[in-house]
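Below is one structure, written out as structure tokens; the observations come after it.
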């Protein structure tokens, strides 16, 4: 008295977009492409700036030479929340503009999956790397006292 189930094919309740062209030079003439590059640069800059400052702040709060104690600061969990919260907010803010990659490894994975073109992937990774350098440079510029020791 069992029911026979006949599977004729797979049915998806979604549609995958077609693969992106591997080399699409038409993107270079669109403002939305450059806006996406700016979004990736700024998002990566903000991510590194906030998270590195969180780690530096934690280290300075528990430093006994600076009058801190081992129970002070945000703790390891606070650092994890800072990293996770920043990724959440930045991906949410940039998902509609650039896809919210923020990390060159994510962009490279999407290139391998053919979801972004080679030109977009390379320029995203350049913008993300420059944003990371600028973010850490801002930390060093504004918090240079922590680098003197």
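Numbering (this note's numbering), first residue to last: 40 to 188.
Beta carbons: idealized from backbone N, C-alpha and C, even for Gly.
Of all the options 80, 169, 95, 66, which has the alpha carbon lying nearest to the alpha carbon of residue 178? In the chain shown, the residue the question calls residue 178 occupies position 139. If we check each option's Cα against that of residue 178, 95 comes out closest.
Quick one: using the 10 Å Cβ neighbour count with 16 as the cut-off for buried, is residue 163 buried or exposed? Numbered from its first residue, the chain shown carries residue 163 at position 124. So residue 163 counts as buried.
Is residue 167 helix, strand or coil by DSSP? As a position in the chain shown, residue 167 is number 128, starting the count at 1. It is helical.
Cβ shell of residue 93 (< 6 angstroms), same chain only, five flanking positions each side left out: Residue 93 sits at position 54 when you count from the first residue of the chain shown. For residue 93, where only same-chain residues beyond five positions count, the Cβ hits under 6 angstroms are 118, 121.
Between which two residues does the alpha helix (DSSP H) holding residue 143 run? Counting from 1 along the chain shown, the entry for residue 143 is found at position 104. In the DSSP assignment, residue 143 falls within the alpha helix (DSSP H) that extends over 143-151.
Where residue 138 sits in the DSSP three-state scheme: Taking the chain shown and counting its residues from 1, the one referred to as residue 138 is at position 99. Coil, per DSSP.
Taking the C-alpha atoms as reference points, what is the distance between residue 129 and residue 91? The sequence position of residue 129 within the chain shown is 90, counting from 1. The sequence position of residue 91 within the chain shown is 52, counting from 1. Their Cα atoms are separated by approximately 16 angstroms.
Distance between residue 58 and residue 160 (C-alpha atoms, nearest Å): For the purposes of this step, residue 160 is identified with residue 121 of the chain shown, where counting begins at 1. For the purposes of this step, residue 58 is identified with residue 19 of the chain shown, where counting begins at 1. Taking the CA atoms as reference points, residue 160 sits about 14 angstroms from residue 58.
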